[in-house]
Each structure stands twice: as C-alpha cells, then as structure tokens.
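Chemist: Sending over a structure as structure tokens; questions will come in a sec.
Chains as they are written, first to last, in the working numbering: chain A, 13 to 492; chain B, 13 to 492.
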C-alpha cells in the first residue's frame with residue numbers, strides 16, 4: 013500500500029491487539045454512526061443508514077411474500093396499557109423512558125416511549141378481531157424503540173435503536189407456532205443469503221426467553237473474536253397476551269376463542285454483526301447483496317485527457333447493467349482512494365488509467381481476496397456481476413469456515429472451562445434442562461446458553477454440569 | 013348499485029351534508045387510520061401506511077437524484093440544545109412532549125421528544141463541517157415527530173405524525189436559497205405528477221414563517237370543500253442557526269465562514285390532501301401512480317368452473333406487466349366487491365365472469381369516470397396500463413378545473429368578504445406588505461395569507477385593506 017494512505021489505515025487499531033477498539037475505529041472511520049449529544053443515543057450516518065436501508069429492503073420483500081403488511085403504531089404507550097401483561101411489564105419497566113409533560117401541562121398518566129409494541133398491537137387487535145374471518149392478522153412496523161441501557165456501544169447496544177417488529181394473531185396454537193418458526197427461517201435465510209452470515213437456528217432456554225413469551229426462537233451468529241451475537245428473535249406468545257388484553261374471536265362453531273400470537277424482531281444490531289463477522293484490519297467488508305455501493309471506479313492519472321471520460325462511461329455502463337456503482341473522482345492519489353474504498357468495505361474496485369484505456373481493459377480488485385484481474389472492457393459488465401456473486405459466496409464460505417473452526421465440543425464443565433480458557437467460540441454440550449445447571453455453567457465459564465439448536469446431536473448422555481441424564485444439546489458461548 | 017352493498021356506502025356521510033364527517037367516514041371505512049389508546053395519536057393501518065410508503069418511494073427517489081442521502085438522528089433533544097436558537101425554541105416549546113425519567117432515575121436534564129430536528133442536525137454539522145470541501149451537506153430522514161396539539165384530526169393534525177425532514181448546509185447564501193427553491197419544486201412536481209394534485213408555489217409572509225427561518229416557501233393545495241391545505245414547506249435559514257450553533261468552515265482563501273442552511277418537510281398530512289382533493293361520496297379515489305393497488309380483479313359467479321382460474325391467470329399476467337394488482341376472491345357478491353373496491357379508491361376494476369370468458373373479454377371499470385369498457389383479453393395488459401395513465405391525467409385535470417373554478421379575485425376587502433360569504437376557495441388579492449393588513453384580512457374574512465405566489469399578477473395597484481400602494485399579489489384562503 014502506498015505511503016500517502018498510511019494514515020488512513022493507521023487509524024484502525026489491529027483487531028488482534030484490541031478487538032473492541034478495532035470495532036469502534038471501523039464504525040467511526042467508515043462513518044457508519046456517530047455519538048450524539050443525547051447520552052447513549054446514536055446518529056446513523058449516511059453510510060450506516062444505507063446498510064440499514066438495504067437490510068430493510070431485503071427483509072421487507074421476504075415478509076411481504078409471506079403475506080405480512082406494514083403499519084405504524086404510536087411511539088407512546090400509556091402506563092396502564094403497559095401494565096396489562098404481568099411478565100411483560102416486569103421485563104421492560106426497569107428500562108423505560110417516561111414522558112411526563114406535554115407542552116405546559118403535566119400528564120395525568122405518564123407515557124412510556126415504546127421499548128417494544130406488543131401492548132399496542134394487542135390493544136389494536138382487541139378492537140379489530142371479532143370473527144375467524146378476521147384472522148390471521150399479519151402486521152409489521154419499521155421504527156425505533158427506546159430502552160434506557162446503562163452501558164452502550166454503537167449498533168450493539170444503544171438507548172434508541174432501529175428495528176422491525178412483526179406482530180401476528182392466529183386462530184390456533186399450531187398456526188402461531190408455525191408462524192414463529194416461519195419468520196425465524198426468514199431471518200436465517202436473509203442472514204445467510206444476503207448478509208453472508210451463517211447462523212445457528214434454535215430455541216432459547218426458559219431463562220433467556222422474552223418477557224411474556226411461551227417460547228422464544230433465535231438465530232445466533234459468531235463474531236470474528238469468537239463471541240456470539242443474537243441476531244434475530246421470534247416469539248410465540250400462545251394465548252397469554254390474548255387473555256390479558258381480551259382478544260377473542262367467534263370460531264366457525266360460533267364459540268368464543270382466544271387468539272394465539274407471535275412477535276419477531278431484527279434490529280440495527282445486525283450491522284454490528286456484519287462488521288464483526290466480515291471486517292478485517294483494513295476496515296469494513298460488505299457482502300455484495302446488501303452493499304449500498306457494490307463497485308467503486310477509481311481512475312488512475314485522472315488529470316490525463318480521456319481518463320475521467322472513460323471512467324464516467326464505465327459508470328454509466330455498470331449502472332445500466334443494474335449494479336450499484338460510484339465513481340471516485342476526488343482529487344486524491346489512487347493509493348488513498350484504494351485504501352478508502354477498502355476501509356468502507358466496497359466489494360469490488362475498478363481501476364482505469366491511460367494504459368488500460370489504450371489496451372481496452374480495466375483492473376478489477378476484489379475486497380475479499382485482494383485478487384486483481386485484468387479484464388477486457390468488452391466483458392466488463394458480465395465479469396463484474398459474476399465476480400460480485402463469487403465474492404458473496406466466498407464471504408459466506410469464509411464465515412462458515414470460521415464458525416466451524418470455532419465450534420467446540422465439551423462433555424464436562426472442566427472441558428468447557430479448558431476450551432474457553434484459551435479459545436473463543438461456541439461450545440456444544442449436553443444439558444439436563446435445569447435452570448441451576450444453566451446458571452452454574454455461566455458462573456464457571458462465563459458462557460450463557462445461546463440456544464437449543466433445531467439440529468440436535470448427541471455428544472454424550474449426561475448433563476455437562478450435574479451428570480444427570482441429558483435432555484438436549486445446547487450451544488453455549490460468551491455473547492454481546 | 014346493488015342492494016347488498018347499500019350498507020357499505022350508507023355509512024359514508026355525503027360530503028355536501030357534512031364534509032368533516034365525510035372525511036372521517038372515508039378514513040375509517042377505507043381503514044386508513046384508527047384512533048389509538050394514546051390521546052391524539054393515530055395508528056396508520058395497512059391501507060393508509062401503504063399510501064405513505066408510496067409517497068416515500070416517490071419522494072425519496074427524487075431527493076436522491078438531487079444528491080440527498082438519508083440518515084437517522086436521535087428521537088430526543090436535550091433541553092439545552094433546543095434552547096440554542098431563540099426564535100426556534102419560542103416557536104416549538106409550547107407543544108413539546110418531555111421525557112423526564114429513564115428507567116428508575118430522574119433525568120438530570122429533561123429531553124424533548126423531537127418536534128423537528130434542526131437543532132440535532134446543527135449539532136452534527138458543527139462537528140462534521142470544517143472546510144469548504146465538506147460542503148454541501150445534503151441529509152434527510154424519514155421519521156415521526158411529536159407536537160402536543162390540543163385538537164387533532166386523522167392525518168391533518170395529530171400529536172405524532174410521520175414525515176421526512178431534509179436539512180442541508182451550504183457555503184453561500186445563494187446556494188442555500190437555490191436549494192430551498194429546488195426542494196420546493198421537487199415537492200410540487202411530485203404532487204402534480206404522482207398525486208395528481210395541482211399546487212400553488214410561493215413564499216410565506218413573515219407572519220406565517222417557520223420559527224427561526226429567514227424565508228419559508230410553501231406549496232398550497234385546494235381541498236374539495238374549498239379550504240386550503242399547506243402541503244409541503246421549504247425553509248431558508250441563512251446563517252442564523254449557524255451562528256447559534258457555531259457551524260463554521262474554512263473557505264478557499266483560508267477565511268472562517270458561517271454555513272447557510274435549509275430544511276424542508278412533507279408529512280402524512282398529504283394523505284389528508286389526497287382524500288380531500290380526489291375523494292367523492294363513494295369513498296376514496298387514489299391516483300394510479302401512488303395507488304398501492306392499481307387494479308382489482310373481481311370475478312363474477314366465481315363458484316362456476318373456470319372463473320377463479322381465469323381470474324388468477326389475469327392476476328398473473330397483469331402482475332407480470334408491472335401493475336400492482338390484486339384478486340378479490342372473497343365469498344361476497346360482486347355488488348359488494350364493486351362498492352368495496354370503489355370505497356377503497358382502487359383506480360381500475362376488472363370484472364370477469366363466465367360469459368366474458370366465453371367471449372375472450374373482460375369489463376374494465378374506471379374509478380374516476382365510472383366508464384365501463386369491454387376489452388379483448390388479448391389486449392388486457394396494454395389497455396389496463398394505458399387506462400391507468402389516462403386516469404392519472406384525468407384526475408389531475410379534474411382537480412385543476414376545481415382549483416381554477418374556486419380561485420377568485422378581490423380588489424377590496426368588502427369584495428373578499430362577499431366572495432367568502434357564499435363561496436369557498438382561494439382569493440387572489442393585492443397586499444401592501446404590512447402585518448396589520450394581513451391581520452385585518454384574517455379578522456374580517458377568516459382567510460389567512462396562504463402564500464405570495466412565484467407567478468405574480470397585477471390585480472390592481474392598491475392593498476386590499478389599507479388602499480396604500482400594493483407590493484405583492486397574495487393567495488388568501490381559509491385553511492386546515
């Protein structure tokens with residue numbers, strides 16, 4: 013790399029030296045988000061917001077294919093409404109921000125800034141659902157929610173974060189369970205196909221369940237530092253909320269029944285996952301499917317006659333071919349532009365200079381492998397498109413390899429301790445199902461139960477902690 | 013119309029009897045929005061949200077074409093930040109909702125739930141802008157804002173509403189003024205091309221200016237009842253905010269300069285405009301360009317063999333042709349479906365029954381003119397697409413005719429009073445520029461100054477109130 017861009021890369025701490033600092037440096041240097049004057053709240057800058065927009069597009073399309081429609085609920089929840097479901101309010105009350113004044117008047121009832129909107133959707137469904145013909149209700153909203161966290165980190169934990177929250181109501185328990193799993197699979201497919209992030213699909217233990225849910229399902233991803241990140245959750249509420257909010261319908265036999273409900277959410281945390289699964293010491297690495305800019309054209313010796321014209325021509329051609337492409341015509345050295353482009357994670361770079369033009373060629377440089385390929389300009393569109401697909405696949409394969417290399421097996425708690433002493437990653441181990449053993453694992457190893465995976469394996473017959481007969485194989489790990 | 017759907021339409025009050033009730037009925041029957049358990053806050057239901065989503069898509073594309081990027085600012089504004097620009101805080105403080113508690117702690121500084129985000133963008137620009145190379149900054153966000161209004165109406169005035177707010181920073185006063193007008197024209201073009209709503213473009217008087225702005229520009233539309241609706245505004249702040257927030261940059265001559273700023277917003281109010289400009293006694297009437305469903309296929313005698321199959325085939329064909337189309341295969345009478353489809357404002361209806369299938373034809377019914385056309389199925393896609401374009405044009409023409417018919421001229425305040433006694437609409441009249449005369453017009457006629465239009469005309473030489481030499485021609489009207 014040229015000297016003039018040394019500064020650019022120097023600013024990023026090596027991930028081997030300090031992973032947390034590396035993360036913060038990448039977020040800041042790539043201008044994904046910035047701290048705001050509101051403690052614990054972040055500003056999503058254009059580069060970060062564009063990633064979130066791409067996530068939204070990819071997920072929203074998939075939601076709609078399953079019949080889900082978007083809507084918008086109020087930002088506020090009256091105190092009395094939040095109180096209606098006991099477990100739910102207990103889970104959220106400690107971290108709620110409260111509006112107590114409107115204009116010059118003190119409010120008669122304080123309003124919660126929504127930490128999540130189950131109660132609002134329930135209130136709405138209680139009004140709208142009367143007959144079996146009104147079911148299912150399949151609604152979603154894209155919004156921000158507020159949780160008054162004590163410690164915060166960009167994207168991973170902040171007092172305000174953006175997400176989507178889907179809320180559905182069904183006639184039967186079977187249907188709500190089916191929808192819960194269906195939406196978890198939508199998340200998993202999206203993560204694997206578009207974000208190139210392999211995930212473990214499974215169920216949360218009772219301890220890790222969402223406040224008010226009968227069952228919580230999760231997708232768990234492994235970051236580059238070997239820590240887990242819960243990347244999306246889907247909850248089956250059974251008829252618990254329906255009983256609390258009195259959401260009833262008349263079935264075909266004219267009998268009154270409670271609905272069964274689900275909710276499912278994926279948040280801006282996922283941007284943290286993209287950074288920590290794919291990034292390297294030169295910065296961000298964005299999977300082509302969701303990269304806001306897939307191709308950056310970097311002219312060489314752009315002051316020379318014809319270079320910028322040719323670059324602009326290529327820009328037009330690649331745009332026309334349906335690629336998201338930009339031209340970096342700033343008055344900077346090529347070396348600076350290359351490093352900048354790498355730091356911002358743009359999957360593919362096209363270098364074009366006077367000699368290339370002479371030879372009717374361009375140099376394509378992949379962000380994932382750094383591989384350089386000289387291509388004839390006649391083949392530019394096809395080669396670039398193919399290469400992007402190959403980068404997408406390769407990024408998934410690399411992440412999968414990392415996941416597999418950092419997934420271990422333990423039969424006893426001593427084994428688990430030993431593994432986590434000098435390695436990081438998931439540990440697969442058997443569990444009897446007792447909360448006490450789950451707590452013991454956490455206390456001794458720092459690892460929490462991430463999920464009971466759908467794909468079960470039998471590692472041994474006994475619980476990792478108590479030695480009693482095992483019920484389930486569990487993924488354990490230290491987590492964000 | 014058949015008897016079985018009488019109930020459906022009966023529920024909508026005639027607009028001639030009670031326009032306000034007609035409006036509420038349409039909003040409710042078409043399920044655009046619902047009241048929530050939070051006083052003054054609305055729920056945007058799927059049909060209403062889908063319109064807002066279409067508005068967002070149409071505007072966002074236009075914004076991006078002018079170089080604007082999206083971002084997301086925090087929901088909260090610290091009290092001290094809101095206080096920084098004197099005029100601005102005076103304008104908004106009376107209607108701010110305040111967060112005073114977070115979790116179990118009382119906040120040291122209360123936080124405003126954003127009523128608008130000038131102060132947050134200024135705070136951000138103060139950090140990010142250093143050199144002339146950092147300019148212009150062209151940012152926008154799609155979000156909801158909160159203003160503690162006393163009286164509320166669906167879409168037109170509610171305590172929480174959704175909008176976009178663009179905020180830009182420029183090197184010079186010329187550039188910020190240019191951007192202000194540019195964005196106003198984006199709004200106007202969007203309203204006219206996509207919403208089929210003709211608008212008057214102009215400048216607000218000093219009295220009607222945005223809190224903290226040097227100049228406010230507006231687009232004003234005329235509703236069916238002759239009242240005006242401010243449909244989008246664009247503000248030039250000059251360097252007022254820059255001085256309050258100390259946003260300075262080093263120019264090419266290495267001198268420190270203040271930036272010049274703009275902001276511009278369009279909100280869910282526009283859905284109120286769509287309803288009140290185009291709707292009729294049968295319900296909503298959506299312009300094809302932004303109708304979430306452009307074509308509804310209504311099968312006739314759908315229980316007969318082959319009808320639903322054929323309807324599904326047409327659905328597939330029209331989808332493939334790029335139209336937004338749905339099939340109403342509910343077990344309801346055709347009459348009910350027709351009325352339902354009209355009430356929801358769907359621009360075009362395709363009727364297909366056994367006899368149509370036999371004759372290889374379908375019946376197309378336009379929502380705007382009720383005109384029925386029998387078309388060969390071989391021509392279906394082309395005819396439907398052409399008809400939608402024609403409906404779009406015709407709806408604009410009809411709205412324009414209404415606007416022109418309800419725009420009057422007055423030379424004296426008596427004339428204006430007389431006109432507004434039994435007519436409703438805009439009154440064009442001359443004005444000397446004095447606030448006192450503006451106030452007098454409002455007191456005597458109930459009409460406020462809507463704007464000083466860019467397209468000036470000379471109606472006479474003297475001010476409508478004081479008779480002194482006139483400066484400008486002004487559009488006056490009663491407004492929402």
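Glycine residues also receive a C-beta, built at the ideal position from the N, C-alpha and C atoms.
Remember, predicted model here, so these are calculated numbers, not experimental data.
1. Using a Cβ cut-off of 9 angstroms, pull out every chain A residue sitting near residue 262 of chain B, in sequence order please.
2. With H, G and I counted as helix, E and B as strand and the rest as coil, what does DSSP make of residue 428 of chain B?
3. Could you pull the start and end residues of the alpha helix (DSSP H) that residue 136 of chain A belongs to?
4. Considering only residues of the same chain and omitting the five flanking positions on each side of residue 62 of chain B, which have a CB-CB separation below 6 angstroms?
5. Could you list which residues in chain B have their beta carbon closer than 7 angstroms to that of residue 172 of chain A, in chain order?
6. Can you pull the chain B residues whose beta carbon is under 8 angstroms from the beta carbon of residue 110 of chain A, in chain order?
7. Return the residues of the region 369 to 399 of chain A that lie within a Cβ-Cβ distance of less than 8 angstroms from chain B, sorted by chain order.
8. Quick one: grab the DSSP three-state call for residue 16 of chain A.
9. What are the residues that DSSP puts in a beta bridge with residue 440 of chain A?
10. Looking only at C-alpha atoms, which of B:191, B:113, B:239, B:71 sits nearest to residue 176 of chain B?
11. Using a C-beta to C-beta distance shorter than 7 angstroms, which residues of chain A count as neighbours of residue 2 of chain B?
12. So what does DSSP say about residue 248 of chain A, is it helix, strand or coil?
13. From the DSSP output, which residues share a beta bridge with residue 380 of chain A?
14. Residues in its own chain within less than 8 angstroms of residue 26 of chain A by CB, not counting five upstream and five downstream?
15. Do residue 366 of chain A and residue 319 of chain A come within 8 angstroms of each other at the CB atom, strictly closer than that value?
16. Is it buried or exposed, residue 48 of chain A, if we count other Cβ atoms within 10 angstroms and call 16 or more buried?
17. Can you check whether the C-beta of residue 339 of chain A is within less than 8 angstroms of a C-beta belonging to chain B?
18. Please return the same chain residues whose Cβ sits closer than 6 angstroms to the Cβ of residue 377 of chain B, not counting the five positions on each side in sequence.
19. Since residue 118 of chain A sits in a beta bridge, which residues does DSSP pair it with?
20. Excluding the 5 residues flanking residue 456 of chain B on each side, which residues of the same chain have their C-beta closer than 7 angstroms to its C-beta?
21. Say whether chain B places a C-beta atom closer than 8 angstroms to the C-beta of residue 37 of chain A.
22. Express the C-alpha separation of residue 131 of chain A and residue 268 of chain A in angstroms, rounding to a whole number.
23. Beta strand (DSSP E) containing residue 260 of chain A: first to last residue?
24. Does the Cβ-Cβ distance between residue 262 of chain A and residue 245 of chain A come in under 8 angstroms?
25. Less than 8 angstroms between the C-beta atoms of residue 256 of chain B and residue 270 of chain B, yes or no?
26. To the nearest angstrom, report how far apart residue 487 of chain B and residue 463 of chain B are at their CA atoms.
27. How about residue 298 of chain A and residue 286 of chain A: are their beta carbons less than 8 angstroms apart?
28. Near residue 336 of chain A, which residues of its chain fall below 6 angstroms by C-beta distance, leaving aside the five closest residues on each side in sequence?
29. Counting only runs of 4+ residues fully inside the region 46 to 124 of chain A, write out the alpha helix (DSSP H) ranges in chain order.
30. Considering only DSSP beta bridges, list what residue 175 of chain B is partnered with.
31. So which residues of chain B does residue 160 of chain A contact, with C-beta pairs closer than 7 angstroms?
32. Where are the alpha helix (DSSP H) runs, 4 residues long or more, that stay fully inside the region 269 to 344 of chain B, in chain order?
33. Could you compute how far the alpha carbon of residue 410 of chain B sits from the alpha carbon of residue 228 of chain A?
34. In or out: residue 216 of chain A buried (at least 16 other Cβ within 10 Å) or exposed?
35. Less than 8 angstroms between CB atoms is the rule here; does residue 15 of chain B satisfy it with respect to chain A?
36. Based on Cα-Cα distance, which residue from B:358, B:50, B:273, B:330 lies nearest to residue 164 of chain B?
Modeler: The short version:
1. Those do not exist, as residue 262 of chain B stays about 17 angstroms from chain A at its closest Cβ, beyond 9 angstroms.
2. helix
3. 130 to 140
4. Taking C-beta separations shorter than 6 angstroms and ignoring five residues to either side along the sequence, the partners of residue 62 of chain B in its chain run 304, following chain order.
5. 86, 87
6. 111, 112, 113, 114
7. none
8. Model confidence at residue 16 of chain A stands at a pLDDT of 49, short of 50, so the residue's coordinates are unreliable and nothing is read from them.
9. A:421, A:487
10. B:71
11. The structure shown does not extend to residue 2 of chain B, since chain B is modelled only from 13 through 492, so no value can be given for it.
12. strand
13. Note: residue 380 of chain A sits in no beta bridge, so no partner.
14. The answer, listed in chain order, is 34, 293.
15. yes
16. buried
17. Cβ-Cβ to chain B under 8 angstroms: no for residue 339 of chain A.
18. 361, 384.
19. A:113
20. 425, 429
21. no
22. 22 angstroms
23. 260 to 262
24. no
25. No, these two residues do not count as a Cβ contact at 8 angstroms.
26. Looking at the backbone, the Cα of residue 487 of chain B and that of residue 463 of chain B are separated by about 5 angstroms.
27. yes
28. 305, 306
29. 58 to 77, 91 to 94, 98 to 104
30. B:155, B:279
31. 114, 115
32. Scanning the region 269 to 344 of chain B for uninterrupted alpha helix (DSSP H) segments of 4 residues or longer gives 281 to 290, 319 to 332, listed from N- to C-terminal end.
33. 54 angstroms
34. With a threshold of 16 other beta carbon atoms within 10 Å, residue 216 of chain A meets it and is buried.
35. Confidence at residue 15 of chain B is low in this model, with a pLDDT of 47, below 50, so the placement of that residue should be treated as unreliable; the coordinate-derived value is given next. Residue contact with chain A for residue 15 of chain B: absent (no Cβ-Cβ distance below 8 angstroms to any residue of chain A).
36. When B:358, B:50, B:273, B:330 are compared, the shortest CA-CA separation from residue 164 of chain B is found for B:50.
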